[in-house]
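Novice: Have a look at this one.
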Amino acid sequence: MSSTKAPAQDSKYLLEELTELRHRKRAILLGHYYANPEVQDVCDYVGDSLGLSREAAKSEADIIVFCGVHFMAETASILAQDKRVLLPSLEAMCSLANGITGEQLAAWREAHPGYFVISYVNTTADVKAYTDCCCTSSNALQVVKRYAPDHRLMFAPDRNLGRYIRLQTGIPMELWDGACHVHNEFTTAVITAQMRKYPEARVLVHPESAGASEDEIRNDPRVFISSTTGMINEAARCAERQILVVTEEGVLHKMRQVAPEKELILVAPTAQCEHMKHATLQSVVECLRDEKNEVRVAPSLAARARVSIDRMLEIG
Ligand code: SF4
19 MSSTKAPAQD SKYLLEELTE LRHRKRAILL GHYYANPEVQ DVCDYVGDSL
69 GLSREAAKSE ADIIVFCGVH FMAETASILA QDKRVLLPSL EAMCSLANGI
119 TGEQLAAWRE AHPGYFVISY VNTTADVKAY TDCCCTSSNA LQVVKRYAPD
169 HRLMFAPDRN LGRYIRLQTG IPMELWDGAC HVHNEFTTAV ITAQMRKYPE
219 ARVLVHPESA GASEDEIRND PRVFISSTTG MINEAARCAE RQILVVTEEG
269 VLHKMRQVAP EKELILVAPT AQCEHMKHAT LQSVVECLRD EKNEVRVAPS
319 LAARARVSID RMLEIG
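Mapping of the sequence shown onto our numbering: position 232 corresponds to residue 250, and the numbering continues sequentially without gaps.
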């Protein structure tokens, strides 16, 4: 047998086993846009953090296999306490979520009495428990505008997203000094170098990017700054044939499906989230077959953390 045929055969058997397992165990697979394409292709739902939270909350499955990183599986467990939530690899962490602990947030709150804490959903359950309202990049502007009239605000943990929202709204906020190691590579210099090289291109920028708040990026008419879902929709909608993509490379899989005629150019092809790539077809099947790597948030912590997620989901 030729060595090149083995992987295809393996994946055929894995796909058959997965079909049988998900049916027999009443399981659904939720995946993030940054997951490997082979994994996105077998998921029941692929989306960004906001969409995934909503799907977890309304799921009627017995088991959720979360093809993303640890904080996402925790969020699913908080929202679906009656379900078993499995993560294909427990090593799939997040540099942004790991940038602040519950203890650190509690101390920061104490230093700012009376402030209202908004946390990006990319945080641990411990941090959510000390948070007043969560947000994602899809709804951060709405959440900040909703609470600003009555409160002084603190925002954690992403300083890049926080700075961007502060500039867009003019609302002052104290910012925690955290960042995603992938999006932090998208500096103004990296983005503008590619914009000069492709002057006709539409430029889609995720607000976690380090350069998103700089005037020469933010005020350029070619630039569209949005959540991952917003970037995908704009790729399909915009008139430009060339698109510069300023986010993690996994998003290209969905963009190619919705905008097959466009030329998609990553501004930094090496900027990949290694944590998001832990889930493979094989690890997904193994995880469901053996029902291993369960992520379970204890009921008392889940109840405290859930308040901040529910407030977000009520807003949008
Ligand atoms: S891309 Fe960044 S924010 Fe997203 S999971 Fe990876 S480390 Fe976390």
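Backbone N, C-alpha and C fix where the C-beta goes; we use that ideal spot for every residue, glycine too.
So, with DSSP's three-state summary, where would you put G248?
Specialist: Helix.
Novice: Have a look at Y182, C151, S155 and L185 and flag the residue whose alpha-carbon is nearest the alpha-carbon of R169.
Specialist: Note that residue 169 is His in the sequence shown here, rather than Arg. It is C151.
Novice: Tell me whether M249 counts as near the ligand SF4, meaning its Cβ is closer than 7 Å to at least one heavy atom of that ligand.
Specialist: No - the ligand SF4 has no heavy atom lying nearer than 7 Å to the Cβ of M249.
Novice: From the DSSP output, in three-state form, read off I118 for me.
Specialist: Residue state, collapsed to three classes: coil.
Novice: Can E218 and E258 be called in contact, C-beta distance under 8 Å?
Specialist: Yes, Cβ-Cβ distance for E218 and E258 is below 8 Å.
Novice: In whole angstroms, what separates the C-alpha of A94 from that of R314?
Specialist: If I take the Cα positions, the gap works out to 9 Å.
Novice: So L104 is in the beta strand (DSSP E); what residue range does that whole segment cover?
Specialist: Segment R102 to L104, the beta strand (DSSP E) holding L104.
Novice: Using DSSP with H/G/I as helix, E/B as strand and the rest coil, what is L108?
Specialist: Three-state DSSP puts L108 in coil, outside helix and strand.
Novice: Start and end of the beta strand (DSSP E) containing G49?
Specialist: A45 to H50 is the extent of the beta strand (DSSP E) around G49.
Novice: Whole angstroms is fine: what's the gap from N237's alpha carbon to V264's?
Specialist: So the two alpha carbons sit approximately 16 Å from each other.
Novice: Would you say T298 and Y51 are within 8 Å of each other, going by their C-beta atoms?
Specialist: Not a contact, by the Cβ cut-off of 8 Å.
Novice: Under a Cβ-count criterion, where at least 16 other Cβ atoms within 10 Å of its own Cβ denotes burial, should E92 be classed as buried or exposed?
Specialist: Label assigned to E92: buried.
Novice: Let me check you understand the geometry: is the CB of N178 closer than 7 Å to at least one non-hydrogen atom of the ligand SF4?
Specialist: No, the beta carbon of N178 sits no closer than 7 Å to any heavy atom of the ligand SF4.
Novice: Whole angstroms are fine: how far does the CA of A75 sit from the CA of V87?
Specialist: For V87 and A75, the distance between alpha carbons rounds to 17 Å.
Novice: How close, in whole Å, do the beta carbons of E226 and L179 come, if the pair is a contact with beta carbons under 8 Å?
Specialist: Yes, E226 and L179 are in contact; Cβ-Cβ is about 5 Å, under 8 Å.
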